[in-house]
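Have a look at the structure below, then the notes.
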Amino acid sequence: MTQEKPTLIRRLISLVKIVWTVSIVIIAAAVGASYGWQTHGLAGALALGFVGLVAGGFLSSPSFLLEALAALI
């Protein structure tokens, strides 16, 4: 069995995927926490921050994100 070495392009694509996922999850959690803080205080910030974290996990997949956006239109 021979294993292929990861090329520079594959490494860059992996890096972009990681950065995309982390940024979407952080943004979704921050938006949820901010909205929760403004409307319900600390408990709302914690609860909606968690909801944003879970939603960000789903939205980090570009295909799922595009399907969700298409459903809104």
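In this note's numbering, the protein residues as written are 1113 to 1185.
We put the beta carbon where it would ideally sit given N, CA and C, even for glycine.
Keep in mind that this is a model prediction, so the values were computed, not measured.
Could you name the residues of the same chain whose beta carbon sits closer than 7 Å to that of residue i, not counting the 5 residues immediately before and after it, in chain order?
| i | result |
| --- | --- |
| Tyr1147 | Leu1160 |
| Val1137 | Leu1165, Gly1168, Gly1169, Ser1172 |
| Ala1141 | Gly1161, Gly1164, Leu1165, Gly1168 |
Cα separation between residue i and residue j?
| i | j | result |
| --- | --- | --- |
| Ile1139 | Leu1158 | 15 Å |
| Gly1169 | Phe1176 | 10 Å |
| Ser1172 | Leu1178 | 10 Å |
| Arg1123 | Gln1115 | 15 Å |
| Ile1185 | Pro1118 | 39 Å |
| Leu1120 | Ala1182 | 33 Å |
| Thr1133 | Phe1162 | 16 Å |
| Pro1174 | Leu1154 | 31 Å |
| Ala1180 | Ala1145 | 21 Å |
Can the beta-carbon of residue i be found closer than 9 Å to that of residue j?
| i | j | result |
| --- | --- | --- |
| Gly1156 | Val1143 | no |
If you measure from the CB of residue i, is any heavy atom of the ligand HEM nearer than 8 Å?
| i | result |
| --- | --- |
| Val1166 | The ligand content of the structure shown is nil, which means the ligand HEM is not present either. |
Open item on the list: Between the stretch 1148-1159 and the stretch 1116-1130, can you find at least three pairs of beta-carbon atoms closer than 8 Å?
Closed with: no
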